[in-house]
Every structure is written in C-alpha cells, then in structure tokens.
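When you line the sequence shown up against the numbering used here, it's residues 13 to 1251, in that order. So the structure is just underneath, and the comments pick up after that.
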Amino acid sequence: MHSPYPVRATAPMVEVEKVVAPDAELKSGRKLEIASNLRATLSDKSWLIVPRGSSIKIENEAGVGANGIELNFHVSCDFLQLEVVQQLLKGMQPTGLSNDDAETVLRLLNLLGTLVWMDQPELRNLVLLNPRRVAVAMASLMTICFGQENFEHRDMMMIERKITEHRSDLLRFQSTGIATRKLIRGLWKEEFPEESQQELIRQILLEKHLMFERLVQDEFVLPSCLPVAHSAEEVVREAGKLDVGGLLSPNFFPALAQKMYSCQIKNDSESTWKPGPPQVFRNRGHFHAGTCSVSISVFPVSLCRSSKSVLRIVVQGGNELKYEEVAQKVKHLLENDIFGFNPGCETDPASIFQLKAIPITSTLSIPITSTLCMNVGCKQTCSLCRLRALLEERFLPDLDSALRSVVQSAAIFGRHTRPAGSFRFKAMKYPGDVDLEEYLAIDANSRDEALTELCRTIQTQYGNTEYGNIAGAGGVEVFFGGFKAGFEPASECSGAKKEYLSWTQQDISCSSTEALKKALGEGHHTWTAKLDLFAKVKLFEDSKETRRYFEVTNVLRAGWFKGAQPIQPISDEKDFLQSVEKNLEKFSGEEPNAMKYVKRLWERSAYLAERGFDLEWNLSILEALRPLLGHWVAELNQVAAHVETIINMMQSSHELFEHARADLPILRQNLSRLKSRLHNIDESEKQAAEDGRDSIAKAMEYIPELLPESPPEAPKEKDMLRTVLHKAQLLLESCVETVLIGKLGSFEVPVAKPLGKLWTFPSDHPPIAAMLKLGENSIKVASWNVLNRNYYKYIDKDTQGLKGSEITMQHEAGTRESKIIEKIEEMLQNDFRILCLQECWPELLQQLREALEERQPEVQMRCSGEDKNQEAILFHSDHVYFRECIHFHRAFRENSKKVVTEAHFQHAGMGLLRVVTTHLPGAPFGRARKEFADCIAGIVKGEKLPTVLLADLNFPEKAIQPLLLDHDLDVSFVRTPYPTNICQGSLLPKRIDSIAVINHEVKGAKLQATALKAEDVLDGLREVVDLLKSRSAEPWTPTRYQSDKVVPSTAASKAAESPEIATVGPSAASSSAGLAAPASQPEGHLFLSGCFESDHIFTAEQIMGYMRMVRARLVARGVPTFMVEARPGQSFAEPSRQGLLRAKGMVAFCTAEYGAYTGVGYDTFHELEFAHDTRLPLFPIRLCEAWPPAPTDNERGTWQNKFVFKTGLVYIDDQRMENAEGAADQIADSVSRLGLFSD
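Okay, here's the thing in structure tokens:
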C-alpha cells in the first residue's frame, strides 16, 4: 500500500457510510482500495470526500455510532485517474472547473512540481499527486545496487525477496547499471501494483534523465548506477581531445549514446549491419555505426591534484580519410548538443564552458594507459592502478599479422571484432585457442526478415567450400571447423536434454534457408551461433614460435531493429555473470578441470573488479591467480590444447587430416623444449617439474617421431593415430590438473570466505552416489569419506575454514559418531544397496556394527583391517549376495597401511559385480597415482567382471583417468554434479571423490552409471553442497567500490614519493603490514605494523592510505622504514621475520582490530609480541575509540594489548586519521632523541 502522504485524515472520530466493505472487514491495520467516491462525516459535522482510486488504512476496530460506522483512518491518495480529478474539480464550490480548465490547471501544477501529469496519449489518463513517489521508486533501484554496505542484512533480504525470480537480471544491474523491465516490474510491484503507475514513474525518470532507454528493447540505463571502467583501452591513433574541466556527470555517456545514434554518425558507405548497442560506463563509451566505431573516454592529464577531465576521442574503421571528419562530427555534437543549453543555440558553448580542443602533440604526460585513479602521482600503488596492471588487454594490433587476417575472414565485421573470453587478457601468456565475439544488429521490418538476412550473410561468408588458403586471410592456411546453432530434432521432445546442431560447410551452403533460419532462431547456449576455424599462425606479433594450428572461435550474437526503434535480441542477451558462475560450478564439480576453473575465476574477478564490485577481494584473487597463468603448467596446458586441435582436425576430413599430421613434428619440438626447461626449475617446484617431465616423456611415446612418406589411408589406422594422440593429450592434462590443484591448496592466504559455523555436516566431504544399470536391472550405490577422528587436528588448525562448524561442535561434545551413523542409516533406508566408507576409525565401526545389528540386521559390513584409518563396504544382503571374496591390495610402497579393497558380489539381475574402494595417499606428487592405476589394472585384468570404483582419490579424476586409460582399460567416470571438498590454502571448492565403472561386456551389455543429485542422496544435502559451490563467489566482505573512496590523493601522491616500498601484493583482510623489504633496504629500520582489516570506523583502503602517508613523511624526514602489503597466494613469513629481526623500533597503527590473534602467524599479534619480548622501542598511534584496542571476539589479542600498551606508555592520538604528517613528525622527533639511527 502507499504512504499516507499527501492526504492524511486523522480526525478524532469519523462516521463512515457502509460503502467500503462489510463490518467484518473493517479491522485495525486493514488497507482498503476505494472503489467509488467515499463521503466521510467528521465529528465536527464537516465532511471529507475520499476519491475513487485512493486507499485508506484503518487505525482502530470499527464501532457503530448513532449515524453509522465510526473509526479512525489514514487516507493515501498518490495516483488518481484523470476523469476522477476532473470530476472533483468540477464539483468545487462555488464554481467548478470544466474538463479543459482542469487540464490547464494540471499543466500549471505539473510545471510547478506540485504534481505530475504528462499530457501524452498513453500517459495522460493518470495523475501523480505525490511526486515524492518518484524518489521512492528511484531509491529502490539505488538500494539494490548500493545497499549491501548501507543496509542491514534483513532489509536487503526483504528487498531481494521481491525479485527472486530475476537473480540474473539483478546481478547484471548491479554490475553494469542496466536494468531490465522485468527487474523493475518485480521491484516496484508492491509500491506500484498497476502497470500504468509503473509506466508513468518510468517516463518521469526518463524525462528527468535519471534513466535512459537502452538501444535494446526493454532495457534501461541508470547513470547513477553505472560502473567506472578500470581496464585499459586499445592504443590506437587518437583523433582528438576535448578539455571539459570538472563538468562531467554520470548522465554524460548515456546521453551521448542517445545523441550519437539519433544523429546517425556514419561514413558514406552505410550498411544495414550495426554491431550492437553501445557499451557505456561512467567514464567511457564505445559506439558503433555504419562502418566505423567511436570510443570516447575521460582520463587525467595533469600532475596537479585537481586534474581536469579530458575527453579522448578515437575513431576506427572505414576510410583513413574519414577519421578526422567523424571526429569533428563527434566534437561538434559534444559542444552543441551535449554541453550546449539547447541544440543549435547561438551562444558558443566553448566560451561558456571553457571547452577547448587539445592538440594531439600537446604535453599529455600521463596517458590513460598508465594512470586510472585520478591520483596522478600514485605510481601504480593504489588499488585501481594495480588492477590496471593486472587487466591489461589484448587488441587486434597485439596479434600476429597472419592471425589478424584470419580474424578478418572469421568475422562478419572484422574491424569491430576483438579478442574475447580469457584470451583478451595479456596475463594469459599461454592461451590454448583464440576466442572472438561480435554482436550483429540488423535493420529489418521483422524478426523473420532479420533472420533471413542473417542466414543469407552466413551462407555467403561461410558456405564457400574453398575455404582453405583463402586470399582474404593473406594466404594463411585456414580451414572450416564447424558452425553450431539450433537443436537436434530429438532434443525438442519434452524432458529430453538439449543437443545442439553442428553444421559443415556443405550443410550451410546446401541446406534450405528455412532450416538454417530455424537453427539461428533457436541459437546456441547464450548466443546465436558459434563458428570454429583452424588456422596455422603464430599468436602474437613479437612471438618467436613456429607457426602451428590453433582453433579460432567466433561467437555471434544478433539482434534486429526497425528504424529508430530499440534493438530486439534474436537470441537472449548473454548474462555473463550467470554463465561464468555456472562454469565455476561445472569445473569444480560435474566436470573437474582446474585450468578452466582458474580461467573462469579470473574472468569473473576481472569483470567485477572492473566495475568496482568487491574490489579488494577480486584484486586479491587476480593477484593470486596471475602467477599460475604465466607458469610452465599453463604452457603445458597450451601444448595439450594443440594436441586436441590436431585430433579435431583429423576428425573433420581427409584433407584436414593431412594438414594436422604435418603439425606433429612441431608438437614434439614444443614438448622437447618445455621438457628441457623443466630441468632448470626452482628447488621449491622440483617434484612438480619432475612430474611434468615424466608426463611429457610418456606423452611423447604416443606421438610419432618420424612421419611415413605416405599418409595412412585405412580408417582403422587413422583411428589408431587419433586414439594414441588422445592418450597423450590426457596425460599432459593429468599433470596440469595435479600441479594446479596443488597450487590452489598452497596459498598462504585464502581467497574465499571460510565456511565456519555455516557448515552443518558431520564430515568435510559430502557423500556421492550413482545409479548402476546393466541391461534392464539397476541398483543404487554410494561413497562417503566420513572424516577420521584422528584427522580432526586439521579441522582445529582451520586449514579448510571449517573450525567452529558442526564438526567442531560434535567432536567436542563426543556426538559426531552418532551423527555419522544417522546419515549412514538414512542412506541405507533410501534404497542404497552398496555403500563404501573411507577414513573410518575402529570406535566408529564398532558403534555402526551395533546399530546395524539392532536396527538393520539385513545390512552387513566388511572392513579393511584393524588400523586406525580403514575403509568399509556396507551392503544390503537381501539384494546383493556377498561371494565371500574380498582382497586387500597393499599397492602403495610409501604407505604400506593404505590398501585398495576389492569385494565381489552377485546380483539377481545384474550378475557378478566387483566393487573397489580406497582412499589414495594425498601427496600431490610421487608414485601413489601410478601405483593405484597399476593395481586397478591388475585387478580387472584378472577375473573379467564389470567393476565399480567408489573412492576418495584425493585428486580430481582428470589426474587419475589417463593413467587408467594407459592400461587400455574401458573406464568412465560418473559426472557427480557438485564439489566434495575444500582446497587448503585458497579455501576454494574441488571434487576429489569419484565413482567410475570399468567394463567388460556381459551378455552384450555394458555396466552404466548415472550420478545422483545431492537431494536424492540425503535430505538437506542440497543445502550443504550449495555452500561448497558458493566458495567460488563468496567475498570476504561484499562491497560496491566507489572510486572517490580510495586512498585520498594526498596519501597516494605522498606515498609514491618514496621508492623503497616493497609491494608484494594487495592488503588482504586480516593480513599484517610488516613484510618484505627490497634488497636496497638499510641495515636498520622502523617496522610499520598495521592490520589491514576494515573495522566499524575505517576501511582497509583508508588504513593502508594512512600508513603510506606516515611512511612517506618518515622517509622525507630521513627515517628508514619497512612496510609491505601481503598478497594472497604468496608466502610472506620469511621476509616478515627478516624485517622484524632488523628492526630498531616499531610503529603500531592501533586500529580497532589491531593485535588480533588469527592463528595464521605473522599477524599484528605476533609482531607486537616480538616487539615486546625483544624490548623494541614502540611508537603507538591511536586510531580507535577504545584504548588499548580490543579486537572483536579476540580475548587473547585484547589481553596482550592491555599488557603491552600499559597506562604509562605514551601514544600519538589521531583517532580521525586527520594528521598523518603530524604523527610522523612526532615519531621522527622521538627517533632522533633516542638516536636509533645515529650510526
């Protein structure tokens, strides 16, 4: 219901005629819509008319008076129909107004802002009497964009509950400032239930430029919610600059987009194709029209602190002579239509706003490619500049000339196409393929006409059967790989999984237009179509690599428009965040792939950080991941991708088979070179490098060293070559998986939020399960690592972020065994016939045996021995018969107690079945994986039985499967759809529990297995695994970053004056400041100790900025200092020790959380402890309210602070962080008096 403003009737008592509702409905608090004019007589005998369309809220229970029903009520009258307003004005005394006069009055009141009435055909029937409702509507949008850091959690929950059906639209709005009509409708449905009300509010926001219509239908841009672009721009010819001072507002680029498209800036050679809607940020806009594109951005140019805003205008594409002409049109548009008071005004806007064009040769000493933060002296030390360095992008000029020619041939609009996906980031030093993306907008009268045009263009461009060595690619070998769009006919059936169509060149050129149109209309995943090519190129301009085949993929997204109408998508607009998050779940669960997971993590954090979301968290992830993307393991992954490309080419055609085969010597050459490099790896990676060399050597055994003069002709020989190459590919990927999982598990600082109390499951592994099927018979099986009680010490050390969880509570209460048994019994009651358990301890097994004997005597159990850590197999004897055949294979030389357990069963319908379970030793490198594969091969090659493996392999299956395939086993792993564990160090999710089937044909059928969903395994397990999945996307503290809230410009510029700061990474939450120093550091220094954790007063960025200001001043005073920023994923323990050992004094920046004991070592607690124990002179700066600091829920830290910061210890008081230089001067004076550095 509406607020009671502006009409409010709170008379002492009123008598209401019975025209609203029966007596029973007149309850206190009830809100009622008034269906017809209501006359209420007040107690003073005056009367009030409540018009139709308003509402009342009853304040007391209805009572019956002498003249009718008596009650108190509030009146809400925000919207009224025009005819109701006219009727009320016509009934005024002594003389009413005619309808025409009423409209005249409404126009006047509208101009005065008293009410809103828009005299437009579709809006004139509604009058808004309360303009403040516009602010309510706008505030609701602002709240969901910025509210996470400004509202209580419960308030945000209430707001987001309104739009639960539009989560993807919400994420898109929060990260781009683009709101869909569906999102707005869901958000406003309670405040403005009528569509006409919402439409009026929307139109008001549009007219007031608080909202702009996007070129895509039913999409709107809110300038105040636009993100700031932090990534670099392409370095190309600059057509002009325009100095606009500090004039720019958030509305600038949305308004510019509308003006540019309405003015139709274009070259003479106009085309009906227009590549997509503009990309608009708060500080940048990219616009396309006809055959050229225009980029306009704002960046700092001055070394002074109050930099002016300068627009950089860049024109690309089209005729070279048109650059300046188009730039002048844009400049004229800026000066007259954007900055002018009105289009075509006679007054020179350049004189009013001091606009002036800056010559290209002028002294712009700070280009946008090196400074983003407006703190022009920061020298890459602030968050924005560090982000810029991480997210440096690739553009077409960065590519090798041959590859650029391929891009021109692969793309419909080559000049507007650019690298996409992870390939666009220069941090990806070893990309496996080339990803492109382009958006096509077609001028057409209907969707059908647009599809016809799109179909015709694709047939013309890609249907040419002479695609190899095309002239358009500069003589480069380019071959068609495939075109994907539309669904297979069988997948259109209800409930069937969608299978997408793949088109050959012949299919495209020979198929009917209608068939291709239908496929394009159906699309492919989140785009319209996907084109794959194979091209023999180098990737980069400066590369010394030999040309070889890469797969080049161009993703096409298309829309259509008619005249000036908005663009309507032919296929759904791509939701980037939702797509990436689905892939994160996929590559950590259903299809484990560490390299793809790392790349998707990078893309997600890059996208969010560029838009200011959770900046510090995403920056930390990017800095932790970047070393992995330039690591030798990334190069090995690139070589594995080359093998995959060769295999794909061999499968395409006989001609491509020959070209692919010719790449094999280059493949061997690249592997040999990489293998040689791995002999010179640092000692810390010696084991990983040895594993890499072994994998390369084994893979090279499958790659022919010398090619026969005549190529293989028989299909069998070709298949054999593809098979051995596939084994080589999997072996290389196995090494990549192993090394990367080890890297993710060795981060010094986590990049995901610990689960802690949120984890309510009794083990750190959820169970996994599958349905086994052989012929017409099936049974359910499951596997679960129950977490051995003897390994609880790792939970207590919080290596997985589970300390304080239910595991902790149950362990301390001694109830975890009973909880585990409850879960086991529940699974058995849910018709699981075979259940394998890992990490069992004798006491648990004894309690479980007693419970089964009492409650489920038909379930029997076999264990692997008497050790404190064993496996168990439970089976339902009424359904499967145990053949009294069980073997314990001691396969692991370095851990003789570990066994591989083999048991044989008989099922009435399925026949004989072998079950194998184990828990592999967890050392990342060594013999264990190969010994396990050898053991399994020996088992299954004995008695030929269909085999099911139910195990905790301690590695993703990608690290194990190639070793089994190397024994020529017919093995397939079940695609369990969720992660089952947490990486130590990074706290990211992974799946290391697996189910696999190893086959021998039985009566013409093979054993098959299908994964079960979490909710089909245990009640409540879905919520547990959802928590695991969320670790990929759960920041430490969710925030939306504001560029004006970074380090103040004075801090950045002053800190930058000191060249000695040892920057190893960002300030991670809960990280300490005093870490590594550069080699040039003097023998003694002041150690700067501070906690970079946001508290209830200051943000982490503010704390860091203050420390830098103090440090800069100390350095200026000649005091040597030591300070560093800790990055996730990098070790800082050793340099921190060295810094403390060489310290001659310590400055303690005492924020509210200073001195907290975190248990990770080398936090401010240990720094303060060291300073006190070694009697270092201590210089505290008080930056908190309470003294001494009392860290939240940290008794040990609070106690030490009270002990060290005794009453007599003098501190410097700067609680508002207003006098950093003054604090530094006091410290410098004290240092001088003490003579700490007099030598």
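Where a beta carbon is used, it is the ideal one built from N, C-alpha and C, also for glycine.
The alpha helix (DSSP H) enclosing residue i, as first and last residue numbers
i	result
proline 1192	No alpha helix (DSSP H) holds proline 1192; the beta strand (DSSP E) holding it covers 1190 to 1194.
cysteine 397	395 to 402
aspartate 1226	Here aspartate 1226 belongs to no alpha helix (DSSP H), and DSSP marks it neither H nor E.
cysteine 747	727 to 756
methionine 223	Element bounds for methionine 223: n/a, residue is neither H nor E.
Best match in the options for proximity to residue i [C-alpha to C-alpha]
i	options	result
methionine 223	Leu1188, His666, Gln471 and Ile196	Ile196
valine 12	Leu1033, His823 and Ala653	No information on residue 12 is available, as it lies outside the stretch 13 to 1251 that the chain covers here.
lysine 441	Val419, Arg406 and Ala1236	Arg406
proline 936	Asp703, Ile898, His901 and Val87	Asp703
serine 664	Arg638, Leu613, Pro779 and Thr516	Thr516
glycine 757	Gln812, Asn295, Ile833 and Tyr806	Gln812
leucine 135	Leu683, Pro716, Phe91 and Glu713	Phe91
asparagine 457	Cys947, Gln577 and Cys467	Gln577
isoleucine 520	Lys548, Cys467, Phe552 and Gly533	Cys467
tyrosine 512	Ser523, Leu686 and Gly498	Gly498
threonine 1210	Thr1176, Asp1237, Val927 and Met732	Thr1176
tyrosine 1223	Ala1160, Leu182 and Arg560	Ala1160
proline 133	Leu94, Gln291 and Ala618	Leu94
serine 1101	Asp980, Gln650 and Tyr1166	Tyr1166
valine 798	Glu760, Leu981 and Glu855	Glu855
leucine 1188	Met1158, Pro1203, His1178 and Leu1195	Met1158
proline 443	Ala462, Ala453 and Leu411	Leu411
leucine 568	Leu448, Thr525, Lys530 and Trp629	Leu448
Contact belief for residue i with residue j at Cβ below 8 Å, rounded distance in angstroms
i	j	result
alanine 945	leucine 932	No, alanine 945 and leucine 932 are not in contact; Cβ-Cβ is about 10 Å, not under 8 Å.
threonine 988	glycine 601	7 Å
leucine 141	serine 208	Actually they are not in contact, since the Cβ atoms of leucine 141 and serine 208 sit about 14 Å apart, beyond 8 Å.
alanine 782	valine 986	5 Å
leucine 957	arginine 926	4 Å
glycine 11	glycine 768	Limits of the chain in this structure are 13 at one end and 1251 at the other, which puts residue 11 out of reach.
methionine 712	arginine 680	6 Å
Host beta strand (DSSP E) of residue i (start-end)
i	result
phenylalanine 900	892 to 901
serine 88	85 to 88
valine 567	560 to 573
asparagine 789	789 to 797
isoleucine 1010	1005 to 1010
cysteine 852	844 to 852
histidine 654	From DSSP, histidine 654 is part of no beta strand (DSSP E) but of the alpha helix (DSSP H) over 644 to 664.
threonine 1022	1020 to 1023
phenylalanine 1288	What is shown of the chain runs 13 to 1251, which leaves residue 1288 out entirely.
Check: residue i C-beta below 7 Å from any heavy atom of the ligand FMN
i	result
cysteine 157	Only the bare structure without any ligand can be found here, which leaves the ligand FMN out of the picture.
C-beta contact flag for residue i and residue j at 8 Å
i	j	result
leucine 1098	proline 1132	yes
glutamate 943	arginine 905	yes
alanine 432	leucine 402	no
leucine 847	leucine 786	no
arginine 705	leucine 690	yes
serine 187	proline 239	yes
leucine 545	leucine 640	no
proline 1203	alanine 1168	yes
alanine 636	valine 748	no
lysine 550	alanine 422	no
isoleucine 972	leucine 965	yes
tryptophan 771	leucine 1030	no
Which full runs of the alpha helix (DSSP H) of 4+ residues lie inside the region 949 to 1000, going along the chain?
973 to 977
Go through the region 595 to 640 residue by residue and report every complete run of the alpha helix (DSSP H) that reaches 4 residues or more, in order.
606 to 622
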